[in-house]
Structure formats: C-alpha cells, structure tokens
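See structure below.
Protein chains: 4
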Amino acid sequence: MGRREEKKRQKREAIESAGLELFLSQGYERASIEQIAASASIARGTFYLYYPTKLELFEALVDVWFEPLLKLLDEAEARLAISHTREESLAIYGEMTLGLATLGLNHESAVELAFRESRGGGEAGAAVRTRELRLQAASLRLTEVGAERGLITAPNPRLASLLILGAIERLFFEVLSDAEGLDDPLTLASGALAMLGNMLDLPTGIV
Amino acid sequence: MGRREEKKRQKREAIESAGLELFLSQGYERASIEQIAASASIARGTFYLYYPTKLELFEALVDVWFEPLLKLLDEAEARLAISHTREESLAIYGEMTLGLATLGLNHESAVELAFRESRGGGEAGAAVRTRELRLQAASLRLTEVGAERGLITAPNPRLASLLILGAIERLFFEVLSDAEGLDDPLTLASGALAMLGNMLDLPTGIV
Amino acid sequence: MGRREEKKRQKREAIESAGLELFLSQGYERASIEQIAASASIARGTFYLYYPTKLELFEALVDVWFEPLLKLLDEAEARLAISHTREESLAIYGEMTLGLATLGLNHESAVELAFRESRGGGEAGAAVRTRELRLQAASLRLTEVGAERGLITAPNPRLASLLILGAIERLFFEVLSDAEGLDDPLTLASGALAMLGNMLDLPTGIV
Amino acid sequence: MGRREEKKRQKREAIESAGLELFLSQGYERASIEQIAASASIARGTFYLYYPTKLELFEALVDVWFEPLLKLLDEAEARLAISHTREESLAIYGEMTLGLATLGLNHESAVELAFRESRGGGEAGAAVRTRELRLQAASLRLTEVGAERGLITAPNPRLASLLILGAIERLFFEVLSDAEGLDDPLTLASGALAMLGNMLDLPTGIV
DNA sequence: CATGAATGAGGTTTCATTCAT
DNA sequence: AATGAATGAAACCTCATTCAT
Numbered sequence: 000m001g002r003r004e005e006k007k008r009q010k011r012e013a014i015e016s017a018g019l020e021l022f023l024s025q026g027y028e029r030a031s032i033e034q035i036a037a038s039a040s041i042a043r044g045t046f047y048l049y050y051p052t053k054l055e056l057f058e059a060l061v062d063v064w065f066e067p068l069l070k071l072l073d074e075a076e077a078r079l080a081i082s083h084t085r086e087e088s089l090a091i092y093g094e095m096t097l098g099l100a101t102l103g104l105n106h107e108s109a110v111e112l113a114f115r116e117s118r119g120g121g122e123a124g125a126a127v128r129t130r131e132l133r134l135q136a137a138s139l140r141l142t143e144v145g146a147e148r149g150l151i152t153a154p155n156p157r158l159a160s161l162l163i164l165g166a167i168e169r170l171f172f173e174v175l176s177d178a179e180g181l182d183d184p185l186t187l188a189s190g191a192l193a194m195l196g197n198m199l200d201l202p203t204g205i206v
Numbered sequence: 000m001g002r003r004e005e006k007k008r009q010k011r012e013a014i015e016s017a018g019l020e021l022f023l024s025q026g027y028e029r030a031s032i033e034q035i036a037a038s039a040s041i042a043r044g045t046f047y048l049y050y051p052t053k054l055e056l057f058e059a060l061v062d063v064w065f066e067p068l069l070k071l072l073d074e075a076e077a078r079l080a081i082s083h084t085r086e087e088s089l090a091i092y093g094e095m096t097l098g099l100a101t102l103g104l105n106h107e108s109a110v111e112l113a114f115r116e117s118r119g120g121g122e123a124g125a126a127v128r129t130r131e132l133r134l135q136a137a138s139l140r141l142t143e144v145g146a147e148r149g150l151i152t153a154p155n156p157r158l159a160s161l162l163i164l165g166a167i168e169r170l171f172f173e174v175l176s177d178a179e180g181l182d183d184p185l186t187l188a189s190g191a192l193a194m195l196g197n198m199l200d201l202p203t204g205i206v
Numbered sequence: 000m001g002r003r004e005e006k007k008r009q010k011r012e013a014i015e016s017a018g019l020e021l022f023l024s025q026g027y028e029r030a031s032i033e034q035i036a037a038s039a040s041i042a043r044g045t046f047y048l049y050y051p052t053k054l055e056l057f058e059a060l061v062d063v064w065f066e067p068l069l070k071l072l073d074e075a076e077a078r079l080a081i082s083h084t085r086e087e088s089l090a091i092y093g094e095m096t097l098g099l100a101t102l103g104l105n106h107e108s109a110v111e112l113a114f115r116e117s118r119g120g121g122e123a124g125a126a127v128r129t130r131e132l133r134l135q136a137a138s139l140r141l142t143e144v145g146a147e148r149g150l151i152t153a154p155n156p157r158l159a160s161l162l163i164l165g166a167i168e169r170l171f172f173e174v175l176s177d178a179e180g181l182d183d184p185l186t187l188a189s190g191a192l193a194m195l196g197n198m199l200d201l202p203t204g205i206v
Numbered sequence: 000m001g002r003r004e005e006k007k008r009q010k011r012e013a014i015e016s017a018g019l020e021l022f023l024s025q026g027y028e029r030a031s032i033e034q035i036a037a038s039a040s041i042a043r044g045t046f047y048l049y050y051p052t053k054l055e056l057f058e059a060l061v062d063v064w065f066e067p068l069l070k071l072l073d074e075a076e077a078r079l080a081i082s083h084t085r086e087e088s089l090a091i092y093g094e095m096t097l098g099l100a101t102l103g104l105n106h107e108s109a110v111e112l113a114f115r116e117s118r119g120g121g122e123a124g125a126a127v128r129t130r131e132l133r134l135q136a137a138s139l140r141l142t143e144v145g146a147e148r149g150l151i152t153a154p155n156p157r158l159a160s161l162l163i164l165g166a167i168e169r170l171f172f173e174v175l176s177d178a179e180g181l182d183d184p185l186t187l188a189s190g191a192l193a194m195l196g197n198m199l200d201l202p203t204g205i206v
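Chains as they are written, first to last, in numbering that gives the first Met the number 0: chain U, 0 to 206; chain P, 0 to 206; chain Z, 0 to 206; chain Y, 0 to 206.
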C-alpha cells in the first residue's frame with residue numbers, strides 16, 4: 000500500500016500550506032525557506048526534496064488556480080464563438096462566471112498571494128506578471144467576442160476589460176483583507192455586478 | 000549664505016531620485032543601500048546622514064505626494080459639507096479632481112512605487128497600507144457626503160469607492176507599464192471617466 | 000548457486016566503475032554519492048551496503064593497482080638481492096618492467112585518479128600520499144640494490160628515483176590528457192626511455 | 000598620510016597569507032572562507048571586500064609568481080632569438096635560470112599551491128591548468144630556439160621539455176615536503192642538473 | 001560633513017550519512 | 001537486500017548598519 004507515498008503527499012501539502020501562509024504574511028522575498036521548513040515541521044534540507052527552489056514552490060502555488068482559470072476562459076471563448084442564440088451566449092457567460100467564482104473561493108489564499116506579489120520587483124512578481132499577460136490576452140479575446148455578439152456595448156473592449164479586472168481585483172482584495180464596514184461577500188458581489196453592468200450598459204437582469 | 004544647505008538639498012534630492020528609480024526597478028526589498036548610494040554618487044555611510052533607515056527613505060518618497068493628497072480630500076470634504084448649492088458642490092468636486100490629477104502627474108513614479116509595494120509583505124508594504132487606510136477613510140467620507148448631497152446615486156458608497164479606486168489603479172498601472180494596444184493617456188482617461196460615470200449614474204457632462 | 004553473489008559482484012563493479020569515472024571527471028571532493036549511485040543505477044542508500052564511506056570507495060579504487068604494484072617491486076627486490084649474475088639481474092629488471100607496464104595499462108584510469116588526487120588537500124589526497132610513501136620506500140630500496148649490483152651509475156639513488164618518477168608521471172599525465180602535438184604513446188615511451196637511460200648512463204640497448 | 004591604506008594593505012596580506020596556508024594544508028575545495036577569515040582575524044563579510052570570490056583569491060596567489068615567470072621565459076626567448084654567439088646564448092640561459100630560481104625561492108608556498116591543485120577537478124585545478132598551457136607553450140618555444148642554436152641535442156623538444164618539467168616539479172615538490180633522506184637543496188639541484196644535462200647530452204660544465 | 005572599511009546575521013543550497021519501510 | 005526520504009551541518013555570499021578616520 001502507498002503508505003510511503005501517502006506520507007509524502009501529506010508532507011508536500013504541509014510545505015505548500017506553510018509556504019502559502021508565510022508568503023502571504025511576510026511576502027515572498029522575506030519568507031525564508033528556514034521558516035517554511037520549520038512551519039511544515041521538516042528539516043531545511045527536506046524542503047529541497049519537494050521543490051528545487053523557493054520560486055518553484057511559489058509558481059506551483061499560483062498555478063493551482065491559474066491554469067484552471069485560463070482553461071475556463073478559453074473554453075468559454077470557444078463555446079461563445081460558435082453559439083447561435085443570445086440566450087445560449089448568456090448561458091455560457093453565466094456558467095463561466097460561476098466557474099470563476101467557484102475557483103476563486105476554493106483558492107482564496109493562493110489568489111490573494113498572486114495579487115500581492117504581482118507588482119513586486121523580484122522573481123515572484125515576474126512570475127505572476129508572465130501569467131497576467133496570458134490572462135489579459137484571454138480576457139481581451141473574450142470581451143471582443145462579447146462585443147461582436149452584441150452582448151456588450153463598450154466602445155473600447157481593451158479599456159473595459161482593464162477597468163473591470165481592476166475593480167474586481169480591488170474588491171476581491173478588500174474582502175480578503177477582512178476590511179470592516181463591508182457587507183457580506185454575496186451582497187457585495189451582486190452590488191458590484193449591478194454597478195459594473197451599468198458601466199457596460201448591460202440591460203439589468205442579465206447580469 | 001545657504002551655500003552649505005544648498006548642497007545638502009541637492010544631495011538629498013540625488014538620494015531620493017536614486018532611491019525612487021531603484022525601488023521601482025528592483026523592488027524595495029532587493030534594492031540595496033549600496034546601489035542607491037552609488038547611483039547618487041555618495042558613499043554608503045553618507046546615506047545615513049540623510050536618512051536613518053532604508054524604510055524612512057521609502058516613506059519620505061511616498062509622503063511627498065500622499066500628504067498633499069490627503070489634504071486635498073479633507074479640504075474638499077470640509078468645503079462640501081458647508082456648500083449651499085449644487086453648482087457650488089460640483090465646482091468643489093471639479094477643483095478637487097483637478098488637484099488630484101495634477102498631483103498624480105507631478106509624482107508619477109512615486110505614486111507607482113506606492114502601488115507596486117502596497118501589497119508586498121515587508122516593511123514597505125506595511126508602510127503603504129497604513130497610509131492606504133487613511134486614504135480609504137477619507138475617500139469614504141467624501142463619497143458619503145456626495146451621496147448626502149445627491150451628487151451620486153450609488154446605493155453603497157463604500158463599494159462604489161472601492162470599485163473606482165481599483166479600476167483607476169489598474170488603469171494607471173497599465174498606462175505606466177507602457178502596455179501596448181492602449182490609446183494615448185488622455186483618450187483613455189476620458190473613456191474611463193465616461194464608463195465610470197455610467198457606473199455611478201452620473202449625468203454625462205458632469206464628469 | 001552463486002546467483003546472489005554474482006549479482007552483488009556486478010553491482011559492486013558498477014559502483015566502482017561509476018566512482019572511478021566521476022572521481023576523475025569532477026574530482027573526489029566534488030563527486031557526490033548521489034551522482035555515483037545514479038550512475039551505477041542504484042539507490043543512494045544501497046551504496047552504503049557496499050562501501051561504508053566515500054573515502055573507502057576511493058581507497059578501494061586505488062588499491063586495485065597499488066597493492067599489486069608494491070608486490071611487484073618487493074618481489075623484484077627480493078629476487079635481485081639473491082641474483083648471481085649480471086644477466087640474471089637484468090632479466091629480473093626486465094620482468095619487473097613488463098609487469099609494471101602491464102599493470103599500468105590495465106588500470107589506466109585508476110592510476111590517473113591517484114595521480115590527480117595525490118596533491119589534493121582532502122582525505123583522498125592524504126590516502127594517496129600514505130601509499131606514495133610506501134612506494135617511494137620500495138623504489139628507493141630497489142634503486143639501491145641496483146646500484147650495489149653495478150646496474151646503475153647514478154651517484155645519488157634517491158635523487159635519481161625522484162627524477163625518474165617525476166618525469167614518467169608527467170609524461171603519463173600528458174598522454175592521458177590527450178595533449179596535442181605529441182607522438183603516439185609507443186614512440187614517446189621509447190624516446191623517453193632513451194633519454195632517461197642517458198641520464199643514468201645506461202648502455203643503450205639495455206633499456 | 001595613507002594610514003587607512005596601510006591598514007588595508009596589511010589586511011589584504013593577512014588574507015593572502017591565511018588563504019595560502021589554508022589552501023595548502025586543506026586543499027582549495029575544503030578550505031572555507033570562514034576559516035580564512037578567522038585565520039586572518041577578520042569577519043566573514045570582510046573577506047568579500049578584498050576578493051569577490053574564493054577563486055579570485057586563489058588566482059591572485061598563483062599569479063603573484065606566474066606572471067613574472069612567463070615574463071622571464073618570454074624575455075629569454077626574445078633575447079635568445081637575436082643572440083649572436085654561443086657564449087651570449089649560454090649567458091642568457093644562465094640569467095634566466097637564476098631568475099627562475101630566485102622567483103621560485105621567493106614564492107615557495109605559492110608555487111607549491113599551484114602544483115598541488117594543478118590536477119584537481121574543481122575550479123582551482125582548471126585555473127592552474129589554464130596557466131599551465133601558457134607555460135608549456137612558452138617552455139616549448141624556448142626549447143625549440145635552444146635546439147636551433149645547437150645548444151641542445153634532444154631530437155624531440157616537446158618530449159624533452161615535458162620530461163624536464165616533470166622531473167623538476169617532482170624534485171621541487173619533494174624538497175618542499177621536507178622529505179627526509181634528501182641532501183640540502185643546493186646539492187640536490189646541482190646533482191639534478193648534472194643528470195638532466197646528461198639526458199640532453201649537454202657537455203658537462205655548461206650547466 | 002563625508003567616507004568606506006568592517007561587521008555578522010541571515011539567505012539559499014548541497015551533501016554525506018542514517019534509518020524506517 | 002534495497003530503497004529513498006529525512007536530516008542538519010556547513011558552504012558561499014549579500015546586506016543594512018556602525019564607526020574610526
């Protein structure tokens with residue numbers, strides 16, 4: 000039986016969990032492998048049996064949600080491109096949105112980590128930005144397809160997608176930070192959607 | 000004569016300029032005092048005659064624009080609170096917006112620096128976040144006063160201010176990054192304003 | 000059947016072969032057990048079932064040729080001491096020389112390894128030097144016996160043996176390094192013998 | 000006054016002295032910067048103010064004598080090439096030999112260090128071998144010029160220069176190792192010269 | 001005022017060896 | 001007998017900060 004492998008899996012998870020927590024609380028640069036190892040209850044050398052580098056641990060943590068995210072966008076775009084009716088298109092949007100929300104909720108901390116490091120100057124920031132470029136490209140393609148289909152009236156899709164990404168990012172970030180004075184996440188989300196829908200001239204009810 | 004002090008001032012500016020550039024290009028954590036001193040053409044030890052700590056240089060760089068920014072918001076709020084007519088209120092908003100824009104344009108790099116570090120985990124990030132809290136409080140007060148006066152129809156001022164901050168931040172960030180595929184800054188700004196106005200249900204022309 | 004032992008023997012040989020190659024190409028200190036094990040297609044832990052220590056593997060590799068070498072010298076000396084005629088003595092020298100050459104050719108790499116490490120400061124160098132002392136003692140005894148028998152005219156046997164050892168060592172080393180500009184090994188060897196014979200005033204034809 | 004620089008110079012010498020001693024006693028690879036620093040009575044970080052790398056300290060130690068050595072050979076070759084009489088040529092050889100001996104005696108330990116590391120597998124060995132190639136080229140050119148002038152009868156200059164280098168190297172090495180049973184260095188040297196002269200068929204008295 | 005030499009804690013990574021499976 | 005996960009000491013190197021000159 001995979002007793003041995005079970006243990007390895009647990010240890011790998013302990014490392015990832017410790018890394019996530021420490022990268023978040025201290026920043027990628029300041030979090031030391033020494034700390035991560037200690038927090039995962041392993042020896043410093045053991046860390047390197049699981050990840051060859053601090054950076055690779057970071058990337059693994061980000062890719063856990065980033066790869067599925069890209070897949071969601073790409074699939075939605077593909078399906079949208081061959082959708083026949085407006086109803087169908089809206090349904091695709093809806094499913095995608097649901098998928099995104101689920102993904103985000105399941106990986107809250109890891110998403111926050113990427114946000115936090117995205118503008119840092121070191122290797123972690125560079126890794127995130129590499130991924131961000133791919134995300135923006137996908138997001139842009141999606142907005143364009145939406146505009147072609149008449150789902151969105153924004154005159155400048157690039158700009159619209161930027162504003163939306165930024166607004167959502169900030170919102171998300173604040174919710175994660177447990178900022179006081181905000182409603183519960185669901186109320187917030189629907190409020191935000193309404194306002195962003197306004198922005199895109201979307202008929203209410205669709206969003 | 001202020002010959003002595005003139006020299007000191009110049010040296011201080013050289014340090015700040017070097018610090019700004021290096022913090023931006025490498026990140027606060029990775030930029031070393033050694034580099035900053037070399038870039039400012041002074042000795043390592045001389046740095047400490049001007050700033051007792053790396054962190055204090057960073058804070059000084061941020062406060063150059065942050066303190067005036069807060070002052071602008073506070074003044075606008077105070078004047079708004081005692082404004083008598085709708086025209087007067089809109090004028091106050093207009094002046095404030097102009098002041099903000101001017102401030103931002105005059106300190107582009109320093110603002111970008113704060114953005115970049117704001118989510119980092121180290122001491123620089125903490126310093127920025129401390130200031131951010133004060134900014135959000137001021138921004139919230141302002142939005143509330145605006146709502147009271149019927150200038151804004153957003154049902155949730157806290158949320159509205161978050162979304163706007165985020166959208167603008169992202170836009171700003173992209174423009175700074177020289178992202179390709181975007182129009183020139185002015186066109187972008189008016190486009191963004193229109194869309195954000197939409198969001199707040201502002202009658203066009205006001206923004 | 001010795002099926003079990005046959006396998007062990009093969010594995011031991013694989014380890015020695017891998018160790019020899021890696022010690023040579025990277026140096027004793029830099030070659031890691033990890034590399035050796037991988038190159039021998041065994042697990043790291045398995046290595047220690049065959050050798051208790053990295054150093055002991057090294058010593059085993061050297062002793063493969065060093066012990067026979069000493070034995071050859073000792074035997075020649077013993078036989079020389081009781082030889083009765085000049086012809087007999089020369090024959091003993093000849094046999095010994097043949098044996099030495101055969102030994103060297105059969106263990107080229109292992110000999111080179113010892114040369115390479117002999118002057119290193121670490122534990123491997125110490126191990127080689129321990130053996131070198133025994134070799135020099137034997138070589139000196141032999142030269143002295145040769146001088147007693149009138150086979151060699153060198154006034155200072157100790158010095159002569161040093162010079163010869165050094166010259167041959169360097170020659171050997173260069174040939175191994177595939178230095179360009181040298182003739183083929185056989186031509187070189189006979190040329191070197193002639194010159195060294197000159198040095199010892201040996202009548203040509205003997206060497 | 001250069002009080003400051005005087006101290007720096009002393010410290011640099013302390014580092015070089017400590018490095019030389021430790022490289023010799025433990026080998027380049029095993030000697031740690033920690034040890035070198037401690038032995039030079041400085042902090043670990045201070046080491047890096049003088050040498051950016053362990054390797055660069057090593058190279059500096061070797062070049063102290065290696066660069067002058069090359070210069071000696073090159074000059075002798077140049078002067079030999081334009082010498083007119085046999086007496087003149089022999090004088091040039093004599094001066095060169097004197098220069099070499101002086102150089103070697105003045106840098107005994109540093110020369111020994113290079114010998115020791117020359118066959119090691121790491122970066123130090125590589126550094127020495129790079130220099131060795133230049134040395135062999137110079138030595139070969141010199142032997143060839145000597146043969147052209149009829150000073151040497153060796154049929155194969157390349158081989159002759161190898162044998163001589165090796166013999167001298169070994170002799171030198173043994174003397175440095177304080178090997179027992181050897182005469183004093185001067186006696187040894189003249190004995191070795193006589194034997195090597197034999198080897199090259201040089202008329203006695205010239206060497 | 002200004003310098004830059006000096007410090008030493010702390011960072012990442014490698015590796016010989018042990019030991020539970 | 002064989003495995004390879006785990007250990008932790010030790011290596012090289014960087015850097016904010018102090019201080020004698």
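Note that beta-carbon positions come from the ideal geometry of N, C-alpha and C, so glycine has one too.
- For the candidate residues SER160/P, SER16/P, GLU76/P, GLN25/P, whose alpha-carbon lies nearest to that of GLY124/U? For the residues SER160/P, SER16/P, GLU76/P, GLN25/P, the minimum Cα distance to GLY124/U belongs to GLN25/P.
- Query: Going by the C-beta, is LYS10/U closer than 7 Å to any heavy atom of the ligand HEM?
  - Reply: Absence of the ligand HEM from the depicted structure is noted, as is the absence of any ligand whatsoever, leaving it without description.
- Item | Cβ distance (whole Å) where ALA191/U is taken to contact LEU164/U below 8 Å | About 13 Å separates the two Cβ atoms, so there is no contact after all.
- Residue ranges of each alpha helix (DSSP H) run of no fewer than 4 residues wholly in the region 36-60 of chain P, ordered along the chain? Here the runs fully enclosed are 43-49.
- Does the beta carbon of SER189/P come closer than 8 Å to any beta carbon on chain U? No, its Cβ sits nowhere closer than 8 Å to a Cβ of chain U.
- Message: If you reduce the DSSP assignment to three classes, tell me which class LEU68/Z lands in.
- Response: It is helical.
- Query: Three-state secondary structure (DSSP) at THR142/U?
  - Reply: In the structure shown, THR142/U sits in a helix (DSSP, three-state: H, G or I).
- Can you give me the Cβ contacts of ILE205/U inside the same chain, cut-off strictly under 6 Å, excluding the 5 residues immediately before and after it? The predicted position of ILE205/U is uncertain, since its pLDDT is 41 and thus under 50; a value taken from the coordinates is nonetheless stated next. Cβ neighbours of ILE205/U beyond the five flanking positions: none.
- Message: In the DSSP assignment, the alpha helix (DSSP H) including ASN197/U goes from what residue to what residue?
- Response: Unbroken alpha helix (DSSP H) run through ASN197/U: 184-198.
- In or out: GLY149/P buried (at least 16 other Cβ within 10 Å) or exposed? Exposed, since its Cβ has fewer than 16 Cβ neighbours within 10 Å.
- Query: In or out: GLY119/U buried (at least 16 other Cβ within 10 Å) or exposed?
  - Reply: So GLY119/U ends up on the buried side.
- Query: By the 10 Å Cβ neighbour count, where 16 or more other Cβ atoms means buried, how is LYS6/U classified, buried or exposed?
  - Reply: Exposure of LYS6/U is indicated by the presence of fewer than 16 other C-beta atoms within 10 angstroms of its C-beta.
- Item | Cβ-Cβ separation, ILE32/Y to LYS10/Y (assumed contact under 8 Å), whole Å | That belief does not hold up - the Cβ atoms of LYS10/Y and ILE32/Y are roughly 15 Å apart, past 8 Å.
- Item | Rounded C-alpha distance that separates ARG140/U from THR84/U | The straight-line gap from Cα to Cα measures roughly 19 Å.
- Query: Which value, in whole angstroms, describes the spacing of the CA atoms of GLY226/P and LEU56/P?
  - Reply: The structure shown does not extend to residue 226/P, since chain P spans only 0 to 206, so no value can be given for it.
- Item | Members of the region 12-31 of chain Y that neighbour chain Z once the beta carbon cut-off is set at 8 Å | Cβ contacts with chain Z come from PHE22, LEU23, SER24, GLN25, GLY26, TYR27, GLU28, ARG29, ALA30.
- Pull up the distance between the alpha-carbon of TYR27/P and that of ALA42/Z, whole angstroms please. Roughly 45 Å between the two C-alpha positions.
- Query: What did DSSP end up calling THR129/P once you bin it into helix, strand or coil?
  - Reply: Assigned with DSSP and collapsed to three states, THR129/P falls in helix.
- Can you name, in chain order, every residue of its own chain whose Cβ lies under 6 Å from the Cβ of THR203/Y, other than the five neighbours on each side? Because the pLDDT of THR203/Y is 47, which lies under 50, any placement of that residue in the model is unreliable, and the number read from its coordinates should be weighed accordingly. None.
- Query: Any idea if ASN105/U is buried or exposed, counting beta-carbon neighbours within 10 angstroms, 16 or more meaning buried?
  - Reply: By the Cβ neighbour-count rule, ASN105/U is exposed, with fewer than 16 other Cβ atoms within 10 Å of its own.
- Query: Cβ atoms of LEU69/Z and LEU134/Z: under 8 Å apart, would you say?
  - Reply: Closer than 8 Å, so yes.
- Item | Interface flag, LEU161/P vs chain U, CB-CB below 8 Å | It does: the Cβ of LEU161/P has a partner Cβ on chain U nearer than 8 Å.
- Task: May I have the straight-line CA-CA distance separating ALA146/P from ASN155/P, to the nearest angstrom?
- Result: ASN155/P has its alpha-carbon roughly 9 Å from the corresponding atom of ALA146/P.
- Query: How would you list, in chain order, the residues of chain U whose beta-carbon sits under 7 Å from the beta-carbon of ALA166/P?
  - Reply: Within 7 Å Cβ-Cβ: LEU162, GLY165, ALA166.
- Using a Cβ cut-off of 8 Å (strictly closer), state whether GLY120/U contacts chain P. Look at GLY120/U: its C-beta is under 8 Å from a C-beta on chain P.
- Message: Buried or exposed, going by whether 16 or more other CB atoms sit within 10 Å of the CB of THR45/P?
- Response: The residue is exposed, with fewer than 16 neighbouring Cβ atoms inside 10 Å.
- Query: Does the beta carbon of MET95/U sit closer than 8 Å to a beta carbon anywhere in chain P?
  - Reply: Nearest CB-CB separation between MET95/U and chain P: not below the 8 Å threshold.
- Task: Taking only beta-carbon positions, decide if PHE65/Y is within less than 8 Å of chain Z.
- Result: PHE65/Y does not count as touching chain Z.
- Query: Can you tell which of LEU158/Z, ALA109/Z, ARG130/Z has its C-alpha closest to the C-alpha of LEU23/Z?
  - Reply: Here the closest residue by C-alpha is ALA109/Z.
- Item | Distance between beta carbons of MET95/Y and LEU132/Y, contact taken as under 8 Å | A Cβ-Cβ distance of about 20 Å is found for the pair LEU132/Y and MET95/Y, leaving them out of contact under the 8 Å criterion.
- Beta-carbon proximity of LEU199/P to ALA159/P, cut-off 8 Å: LEU199/P is a Cβ neighbour of ALA159/P, given a cutoff of 8 Å.
- Item | C-beta contact flag for VAL63/Y and ALA126/Y at 8 Å | ALA126/Y is positioned such that its CB atom lies no closer than 8 Å to that of VAL63/Y.
- Message: By alpha-carbon positions, which one of ALA166/P, ILE14/P, TYR47/P ends up nearest to GLY196/P?
- Response: The shortest C-alpha separation from GLY196/P is found at ALA166/P.
- Item | DSSP-derived helix/strand/coil call for SER24/Y | Here SER24/Y sits in helix by DSSP.
- Query: What did DSSP end up calling ARG11/U once you bin it into helix, strand or coil?
  - Reply: ARG11/U: helix per DSSP, three-state reduction.
- Task: With distances taken Cα to Cα, identify the nearest neighbour of ALA77/Y among ARG2/Y, THR129/Y, GLU143/Y.
- Result: Of the candidates ARG2/Y, THR129/Y, GLU143/Y, the one whose C-alpha sits nearest the C-alpha of ALA77/Y is GLU143/Y.
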